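Asks:
Numbering (the numbering used here), first residue to last: 132 to 421.
(1) Can you tell me whether DSSP reads residue 167 as helix, strand or coil?
(2) Count the other CB atoms within 10 Å of the CB of residue 261; is the residue buried (16 or more) or exposed (fewer)?
(3) According to DSSP, which residues form a beta bridge with residue 388?
(4) Return the Cβ separation of residue 137 and residue 176 in integer angstroms, given the expectation that the two are a contact with Cβ distance under 8 Å.
(5) To the nearest angstrom, how far is the alpha carbon of residue 348 from that of residue 257?
(6) I'd like to know whether the C-beta atoms of residue 202 and residue 210 end up nearer to each other than 7 Å.
(7) Who pairs with residue 216 in a beta bridge, going by DSSP?
(8) In angstroms, rounded to a whole number, what distance separates the CA positions of residue 150 and residue 415?
(9) When the Cα of residue 214 is compared with those of 142, 231, 204 and 189, which residue comes out closest?
(10) Decide if residue 195 is buried, meaning its Cβ has at least 16 other Cβ atoms within 10 Å, or exposed.
(11) Within its chain, find whatever has a CB closer than 6 Å to the CB of residue 274; leave out the 5 residues flanking it on each side and keep chain order.
(12) Candidates 384, 403, 161 and 182: which alpha carbon is nearest residue 223's?
(13) Per the DSSP calculation, residue 302 is bridged to which residue(s)?
(14) Can you confirm whether the stretch 302-315 touches the stretch 379-396 when touching is taken to mean that 3 or more C-beta pairs between the two stretches lie within less than 8 Å?
(15) Select from 152, 344, 310 and 253 the residue whose C-alpha is nearest the C-alpha of residue 283.
(16) Check the DSSP bridge columns for residue 282 and list the partner residues they point to.
(17) Taking the beta strand (DSSP E) that residue 321 falls in, what are its first and last residues?
(18) For residue 413, collect the residues of the same chain with a Cβ closer than 8 Å to its Cβ; drop the 5 residues on either side in sequence, then sort them by chain order.
(19) Would residue 362 and residue 187 be called neighbours here (beta carbons separated by less than 7 Å)?
(20) In the DSSP assignment, what residue or residues form a beta bridge with residue 383?
(21) Residue 221 bridges to which residues according to DSSP?
(22) Give every residue of the same chain whose Cβ lies closer than 8 Å to the Cβ of residue 217, excluding the five residues on either side of it in the sequence, and list them in chain order.
(23) If we call anything under 7 Å between Cβ atoms a contact, is residue 168 one with residue 157?
(24) Could you have a look at residue 418 and say whether DSSP puts it in helix, strand or coil?
(25) Should residue 322 and residue 334 be called a contact, given that it needs their Cβ atoms to be closer than 7 Å?
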């Protein structure tokens, strides 16, 4: 059995896959191979998964971009026609972080610096239309600023660029950043949740400066369209058992994830809502399909 992760090793989606791999193998009763197939914001791996036999032996783990890639990439499969939605696995607020050499230390200072230096503030993304990019576009709208995007091939390279002081700021899924914030390797500017996170209670929310501004990352699992319903039901049950196992839940929670393990119907509704909302943002900013 294989799980395709459509991003490079070291990114958040890959981290989650490897955290649950051993327990998932135990629950499935067979070996599970994780395959990283990155490119085009996750579209390359998604297209491979969509072409796989619909027998339950190939699954796809997805990130926020699952709901937006079809608005941007010609290679992206239709998220609603090409896949069966199995479960929204976990969610996490995004964290806005800055390199330690960057003078601003809070969101108001970041905005003031950007206004004083139009277009000079750099922010890292996984490319046009990625969740980091769309969150940054929302920040520009809320704050009335203009920044410069620097795109990377995956979460691992983007993290290395941040730790290497190669950019100024970036939105990241919070879990990979918690340890770096606590260790003082990056500055925690704001989190995208409604309330401050207990793991980093001194970091304010985006909404404390811009009311209503929230940014949430999410991760789910899919199967190719046409996978039999009894197979989907078994896969959903085993994923739910894995995510709800105390040792898995505790580890994910400690990292900053909220375990959802939702139903297929809930996940499909979630993706449709995200696609509609972010599709409008993409059109409003005239982002070009690639």
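Beta carbons are placed, not taken as given, at the ideal position from N, Cα and C, and that holds for glycine.
Every value quoted in this text rests on a predicted model; they were computed, and no experiment measured them.
Replies: In this structure, then:
(1) strand
(2) buried
(3) Note: residue 388 sits in no beta bridge, so no partner.
(4) 3 Å
(5) 14 Å
(6) no
(7) 353
(8) 37 Å
(9) 189
(10) Buried, because 16 or more other Cβ atoms sit within 10 Å of the Cβ of residue 195.
(11) 242
(12) When only C-alpha atoms are compared, the closest one is 384.
(13) In the DSSP output, where bridge partners are listed per residue, residue 302 has 227.
(14) Result yes; three or more Cβ-Cβ pairs closer than 8 Å.
(15) 253
(16) 256
(17) 317-322
(18) 199, 202, 203, 260 and 265
(19) yes
(20) Note: residue 383 sits in no beta bridge, so no partner.
(21) 350 and 390
(22) 190, 351, 352, 353, 354, 363, 366, 367, 370, 395 and 398
(23) no
(24) coil
(25) yes
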